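Undergrad: Its first residue numbered 3, the sequence shown is counted upward by one per residue in the numbering used here.
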Amino acid sequence: MATAKKAPAKKAAAKKAAPAKKVAAKKAAPAKKAPAKKAPAKKVAAKKAPAKKVVAKKAPAKKAPAKKRTPNAAFMKPLTLSPALSAVVGAAALPRTEIVRKLWVYIKAKGLQDKINKRMVNADEKLRAVFGKAQVSMFEMAGLIGKHVK
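(1) Between the alpha carbons of A93 and K64, how many angstroms are there, rounded?
(2) With a threshold of 16 other CB atoms inside 10 Å of the CB of V107, please say whether the residue is buried or exposed.
(3) Run the CB neighbour count on I147, radius 10 Å, all protein chains shown included, and call it buried at 16 or more, exposed below.
(4) Can you check whether the CB of L114 is closer than 8 Å to the CB of A95?
(5) Taking C-beta to C-beta, are V151 and R98 nearer than 8 Å?
(6) In angstroms with no decimal places, state the Cα-to-Cα distance between P73 and K79.
(7) When DSSP builds the beta bridges, which residues end up paired with L81?
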């Protein structure tokens, strides 16, 4: 509470000092002389055409060469497959990316993609064992594969 009482005293001192500065500034202002008026310039009889601006082409900024992306190790880790999935893909252990790639090769080879809606996959007997239903969206496929890998 002691600091709260001191704060108004400081503000009052600051307010007292501020008007003194303003008075000094007002007194100094009349001491300046007004600038002398210049005689009006003569008008030129003929107007000149505006000069065209020449825009210099900038050289394209050189970008640093793009770094080659390194794949995440989690995607490249071989996973063990369930017997139902290995019947379709045909390998003992594969990374998740390869599993999806081989599934699409199987789907395209057998013509299992729906003719009207290409996002849907019609499952045959082998895929029905993996997916658990007759028709699956391509977006659901990755989630359903996750149940068959360890």
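Quick reminder that beta carbons are idealized off the backbone N, C-alpha and C, glycines included.
All values reported here derive from a predicted model rather than from experimental measurement.
TA: Let's see:
(1) So the alpha carbons of these two residues sit roughly 46 Å apart.
(2) It counts as exposed.
(3) With 16 or more other Cβ atoms within 10 Å, it is buried.
(4) Their beta carbons are not under 8 Å apart, which means A95 does not touch L114 by this criterion.
(5) At a Cβ-Cβ threshold of 8 Å, V151 and R98 count as neighbours.
(6) Going from the Cα of P73 to the Cα of K79 covers about 11 Å.
(7) Bridge partners of L81: L96.
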